[in-house]
Structures are given as structure tokens and as C-alpha cells.
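The structure appears right after this line, and notes come after that.
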């Protein structure tokens, strides 16, 4: 039989498709329905996700995801990262900060129902050390030993007062060793469990991993065997990879419940149906002036450094950065133990800058400011900050040539210590002031500023005292003294702690910014 | 029933020794395919050299700042990704692996690059195919109308509209359309390929609309279809501008040809003149532009993908480049190169079908 007209052919084709659909039977791809008890929470986040395997993960999105999937021995409560609290275990620390005894408490279970034992703890921590992944450095010099079925002892050769804070990092989440070993997990570089851990979770956190697509979406579902205190309100959580401008429209339009990457400007005018939680983040944007005379005789001159510090208009920088941003009082962020008070911040002083510049002998030679052109940190674009600094210093008589480059290429110059002036940021590896000892002579960031060991004996002495540990009060005063000296004569200029703006539907409760894992998904509730 | 083929007389074969002379079109096609294979090898070399010329250390870009300071971790990373070998060895290893379909492992996602690309490509194809089909239909109609009504108001309006389509930045247009259609008018869905209430359909083709139909999930199909609306619209507006201008120019040239005037003088209906004479004559230059536009849609949708949270090739390319993920960059470069070559090959072969003179030449 021939179909004579085009219309007849189309009609027959449509009928065939319809019949085929009926024959195959139509099901639903939807996870929620009017009769379903599923509550889905949608979170928008600009992904920097590389893996969900905690022992290899060290990116902000991964921290948030793994915080929901895995429990740690110690943890933080809410947004307070200055004090660790028990997680799966309680801690007993020796006076010399070299021995840490952790005892498992209660009857914690993995998502498959099996109990958490000291063997799981030893395997998990040894795996972090042994696979040589991004977070391996967290346990550098740490030896993990099982004492009995519920107790594990961590020892270090040198005082490590930061270790309790480090243990709260989701990268040190406790894995179900039997499950991970069954899927190729080892404590060496031969480990092959990452693929499994990117499709399944093997932890005891409030959620389990349902699906993971590094480019677009992570889906979590509630862990029925979770026996912690914060039972999740939402039974299903979808974390979507969405950029800032779209996040704003999504949270206003209702397709997202929480948006995590709004800039200071985007976080304004969102309407009454959206709540914005603004805090300074734990990132610190700073300038470094190279102290190596072979790189620059100008920036290695102490009077020139002083003049630059006094010429910068810090309040102007804060105002262009927008909601939530504050001036960084020192290299240690304001919410950490050891942070300086706002009264200790660097201050603009045009007259003093003029005098110091004259003393330095600077005669208007151009100085290069290198910066990563493609970094946007909490909505702040580095080129904007660099241009503003250039214009502020020009007003003070200092000529700056801007040298932007993509971060992937500029990192080399920064890490090799060849930049004359660099504009960078430091995100905390763990929320303890000892992470900031890198800003002293002979240490990682010090060397990037051409500041060799022994270049400033008085600052090194203060750094050694701060590294030794002690009570919280002692450490606070030691780090304050160190940072005051750094602000006074160091080659670093702490500029900003960019604002972290979290927008959420007003029906979502429990949104609290945490410097390590951004938000605790399990703590989010519903009005 | 009498079959035409059964009664057709087979022409006597002209034999040149043992080699039988092939049909001119077959020879033409074989020649083009061989050229394309050589070009693919050229693409791998150019991509490899350019990628390695970029200043910067992939180790520094891939590892965290503390991990990159640890010589053991760095050495392990270099060994794992073969970065500890000389560049020449790396290139030939890459070529060898390529012959086995192995594009290496991404230093960013830790997945095989071929798997990453297989996931990203359908997402881009889904919007690119939609955009090119709509663009060709609309562009040919508008371009022909503009040419036929040369110098009249409708021609001027269409030229301004097509120019606007070309000039408006796609990033801006995408954001504005998203704001208007999703947030203000509520007639478009949110970003992404599906609403968060839906699970992705079981992967067969990677095209969500097709896979949803194959899985018999009509609600997923309609949701996926609705999510295509805005990205396809934005890409179509740009491509329509391009095609309208080219079609107009091509049709204007043909309209002045003697054979078209003769057809009109014979009193043939306008529809027949347009379809059988004008558009057929204009098809070769238009086909070239359609091929280029489709290639450009496959490789140049990064900004649109960014606004609509579309996990396609553009997003993957950006991620690979910003992390100096050499296998990822190579994979994307190769894929785009091959896609362009494939599109050009198809266009060239279509030339041969549309215009026999091309084959002979």
C-alpha cells in the first residue's frame, strides 16, 4: 500500500510512534510524586569537584559532599571552627602535642549496617597517607596505631597542635574498610577504589551517594542507618553545577533551594522569598613583594614595602568587593584562633607613604604586578582588584604595570618565587593558625616572596614560638605577636577576606557558613 | 512483478589490467576520506605541540598547593600520567594508545578522556542539532524572502534582524532570555538538562530526549525537551543571522542567472522556480556555511553551556584548559578536529552529489 500524501505519511508515522510507546509501556522518570515522602533539596554550586573519594578529595565542593557522606573522628559545631568537638571519637591530647588518643564512642554504624571499628579508622587514615593524593600532606609525619578495638593512637615526632583541627576535615572521613578493600582499596599508591567511591559511598554520614557526575550533578539520598544527632530533613539532595549569575536567577525563580556562589553584588535585591547569609570567608587575598634583590631591588627595599602598605586604600577595596567582604586583619582569617583584631589591620596613611617612598629612593620606575586573570574568588575578580591597586598606587606616585595571566600558567611563576609583586589568595588547608606559618621566612609562601630562611631572625623566632603549641590562650597571643610583626615589616600585605554569600529560600533553615565544608547539608531544615 | 534491475543491461566493464575503474564519485569519496585521515594525524600533532607549548606545569595546576610541594606526591603524579617521559615518547605513546581508542586519563576528573567525551558530546549534540535544523529552516526561508524582496522594507528589516542576531553577545542574550522566560514569564524550565526531581534516563545514546523515549519515560522526555528550548533558541538566533545573510547573497546571485530568467519567462510557478532552480543553484555556498556553522556550534557553545549549566563539550574544554589537563585538552582538540573534518567531508561529498562537476574536478 502506498501512502499518497505527505500528510498521510506523517499521520501514519505519528501513529506508529504512539503505538510503540504504548507497547513499551510508559513509566515515570520522576523521583517525587504527590504521594511520595521524598523531599528533594536542590543546591546550586559552581563545581570544582574532582572526586568523591575522601582520601583523594581536596576541593571545596568535595568537602561539602564528603561531609554529608562520611563522618570524621572529630568535628566542628556549626560555623565555629576555632574549637573541635567529638565526632565518632573523643580525644585525649598529650601536653607536648605529640600523642593523640582517639576513642570511638557509641555504636556508630556504616550505611550497610556494619559497626565502625578501630580497624576502619587505621585503614582510612593510612590510606590517606599512603595513596599520595592531594590531602596526604594533612597527615605528614603522623603514625597511626591501633591500641584496642575502639582506640587508636596518633603520634608525631614534632609538636602538632593543629592535628585535632585537621582530623575534622572530611578528607579524613572514616571508610568501611571491608567494602573499600573489596573494591581495590589499599593503603598504597596501588589503590584502585576511587572508581567505586565515585559511584557508591562507604561511610557512616547522614547521606549516601546515589549518583555522581563530576560535570553536572551529585545526588545524595538519606542514609537509613545513620545514628548521629542531626537526622537529615531532606531525603534526597541534588547538588547542581551552576555558575553564579544563573544561581541567582535559579534561587529567585525557585528551581534551586540554596545558591552558594553569589558575589557581593549578586547577593543584593533578591526579594523577600530569599534569605542571604553573608560572612567573610576564610580566604585571604594578599599582595606579596619579592624580597630577592635579584628579582627586584625596589620591592626588596623595606621602605618601599612600607610605602605600598600605607598607600593602599583598604576600605575602597572592601567597598568594591561588596556584601560580606571585610579587610583581612592579618594573614590568619578573622574566624580562626590566633586572628588579629580589626584594630590591628593595616591602615592607609598618605603622608607616611610619601615620606617612606622618598626614603626608599624610588624614582618612578615601573614595577610589575602579576596576578591570575581568570580567578574569581567569592565573586571577586582578581583583575578588578589589581586595577584598583594600580590606580591607588599611581596616586601615591608608584607606577605599576599589570601582568595578568591564566592561573594555570601564572602558578609556576608564583610557586618558583619569580614574581616581583604578586596578587594571590590563601585558602585554609585546615582551620588552625599553624597553617599560616607558611608566610614566614624559608617556608612555602615566604619562599614564593623570595624570603629565604634567616632573612628575618626576629620573625622566625616568633614563628618558632607559635609552632610549639600550648594552650589556646598562649597560641592566640603567639600568633597575634607574629602577625603584628608580619604586618609591620613582612613582605605580605593582607587585603581582603571576600564575602561568602549563601542565598536560600526563606523556607530553608539551618544555613550556617563553615570555613571547611561551606555548609552542612544534613543540618538544613524546612520551615 | 517486473523489476527494473532485473531487466537493466549491465554495461560492459572497461578493464585496465586487473584494476577496474571505479565510479568517479567513489574515487572522489575515497580521495576525500584519505585526506581526512592524514588531517586527523596532523590535528593530533598540532594539538600536542600547542598544548605542550603553553607555559605552566600541569602538576602545579592539578595538585593542591601543599601537595605540589611534596616531591613524592609530584613524582607519583608525573609517573601516573606519563609526564616523566620525554615529549617525543609521550607523543608516540599517545598515538599508539589512540590506535586502540585510548585517549588517556584526565588529570582533572581521573576518568578516561574517551568516557568523559562520550558523556559530554551528546549533551552538546542535542542542542547543536536542534539549533542547526531550526537555523537552516528559518535562515533559508528568511534569506530567500529577503533576496526576492531586495530593496523593499521586508528586506531591510530582515537584514537588520540577521545583523542583530550576529552582533548580540550570546552570553548576554542567554542570560537575558533565561531571566525573562524562566524567572519572569515562567514558561521555560530552570537550568540543566532535567529538573532536579528527575533522574537521568538510562544511557543508550546520551541524548536525554531519545533515551527517555527508549525508556518509555514520557514525563522525562517532555522535561528534557523543555530544557532544550532556551539553549537551542539562543544558538538558533545567532546561526539564523549568519545563514539569512548567506542565503540572501547566494540567492541574489542565482536570481540574475539566465536559466532562472528563462524559467520565469516560461511562466513556471514561483514555487517551482525557487525550489528547482534558485535554491538548488544556491545550495553549494549555503551548504558550506551550514557545515561551518554546525562545526562552530559543536565547539563554540561554552558560554551558552555555562549559563544554562549544560555539561557539554564547551564546559569540558574550559575545565580541561583551566586545569592544564593535557589529556583532556588533547581529547577535546582531537574531537573538535575530527568533527570539523567529518562535517567538511560530508559537505564535500554532498557537493559531489549536488554538482557532478565537483567530482570530475
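Residue numbers (my numbering), protein chains in the order written: chain A, 4 to 530; chain B, 13 to 373.
Even glycine gets a Cβ: it sits at the ideal position worked out from N, Cα and C.
Where residue i falls, given that 16 or more other Cβ within 10 Å makes a residue buried
| i | result |
| --- | --- |
| residue 43 of chain B | exposed |
| residue 454 of chain A | buried |
| residue 359 of chain A | buried |
| residue 78 of chain B | buried |
| residue 198 of chain B | exposed |
| residue 287 of chain B | exposed |
| residue 232 of chain A | exposed |
| residue 368 of chain A | exposed |
| residue 467 of chain A | exposed |
| residue 397 of chain A | exposed |
| residue 170 of chain A | buried |
| residue 131 of chain A | buried |
| residue 514 of chain A | buried |
Under the three-state DSSP convention, the category residue i falls into
| i | result |
| --- | --- |
| residue 384 of chain A | strand |
| residue 287 of chain B | helix |
| residue 498 of chain A | strand |
| residue 515 of chain A | coil |
| residue 230 of chain A | coil |
| residue 222 of chain B | helix |
| residue 268 of chain A | coil |
| residue 376 of chain A | coil |
| residue 357 of chain A | helix |
| residue 277 of chain B | helix |
| residue 407 of chain A | strand |
| residue 37 of chain A | Reliability of the predicted coordinates at residue 37 of chain A is poor, the pLDDT of 41 falling under 50, and no value is obtained from them. |
| residue 427 of chain A | strand |
| residue 415 of chain B | Summary: the structure shown does not reach residue 415 of chain B, with chain B confined to residues 13 through 373, and so no result is reported for it. |
| residue 16 of chain B | Its pLDDT being 40, under 50, residue 16 of chain B is placed unreliably in this model, and the value from its coordinates should be taken loosely. Helix, per DSSP. |
| residue 444 of chain A | coil |
| residue 352 of chain A | coil |
| residue 167 of chain A | helix |
| residue 179 of chain B | helix |
| residue 150 of chain A | strand |
Cβ-heavy atom distance, residue i to the ligand FAD, below 7 Å
| i | result |
| --- | --- |
| residue 68 of chain A | Here there are no bound small molecules, and the ligand FAD is not part of this structure. |
Spatially closest choice to residue i from the options, by CA coordinates
| i | options | result |
| --- | --- | --- |
| residue 403 of chain A | A:266, A:392 and A:352 | A:392 |
| residue 471 of chain A | A:187, A:441 and A:99 | A:99 |
| residue 82 of chain B | A:144, A:308 and A:425 | A:144 |
| residue 385 of chain B | B:306, B:219, B:308 and B:270 | The structure shown has nothing for residue 385 of chain B, since chain B only spans 13 to 373. |
| residue 249 of chain A | B:183, B:92 and B:361 | B:183 |
| residue 262 of chain B | B:118, B:248 and B:151 | B:151 |
| residue 178 of chain B | B:293, B:54, B:57 and B:252 | B:252 |
| residue 376 of chain A | A:414, A:221 and A:174 | A:414 |
| residue 366 of chain A | A:301, A:355 and A:159 | A:301 |
| residue 318 of chain A | A:498, A:528 and A:284 | A:498 |
| residue 52 of chain A | A:215, A:442, A:429 and A:185 | A:215 |
| residue 73 of chain A | A:228, A:136 and A:153 | A:228 |
| residue 323 of chain B | B:274, B:135 and B:123 | B:135 |
| residue 156 of chain A | A:113, A:182, A:281 and A:101 | A:101 |
Closer than 8 Å at the beta carbon, the chain A residues around residue i
| i | result |
| --- | --- |
| residue 232 of chain B | 31, 32 and 33 |
| residue 195 of chain B | 252, 255 and 256 |
Beta-carbon neighbours of residue i, restricted to chain B and to distances below 7 Å
| i | result |
| --- | --- |
| residue 414 of chain A | 68, 72 and 73 |
| residue 432 of chain A | 78 |
Short Cβ contact (8 Å threshold) for residue i with residue j
| i | j | result |
| --- | --- | --- |
| residue 423 of chain A | residue 239 of chain A | no |
| residue 290 of chain A | residue 483 of chain A | no |
| residue 327 of chain A | residue 187 of chain A | no |
| residue 347 of chain A | residue 490 of chain A | yes |
| residue 341 of chain A | residue 478 of chain A | yes |
| residue 260 of chain A | residue 45 of chain A | yes |
| residue 229 of chain B | residue 31 of chain A | yes |
| residue 70 of chain A | residue 167 of chain A | no |
| residue 107 of chain A | residue 119 of chain A | yes |
| residue 241 of chain A | residue 255 of chain A | no |
| residue 351 of chain B | residue 307 of chain B | yes |
Neighbour list for residue i in chain B, Cβ cutoff strictly below 8 Å
| i | result |
| --- | --- |
| residue 491 of chain A | Per Cβ cutoff of 8 Å: no residues; residue 491 of chain A is ~26 Å from chain B at best. |
Neighbouring residues, chain B, relative to residue i (Cβ below 9 Å)
| i | result |
| --- | --- |
| residue 216 of chain A | 131, 212 and 323 |
Residues that residue i contacts on chain A, provided the C-beta gap is smaller than 7 Å
| i | result |
| --- | --- |
| residue 81 of chain B | 447 |
| residue 336 of chain B | 411 |
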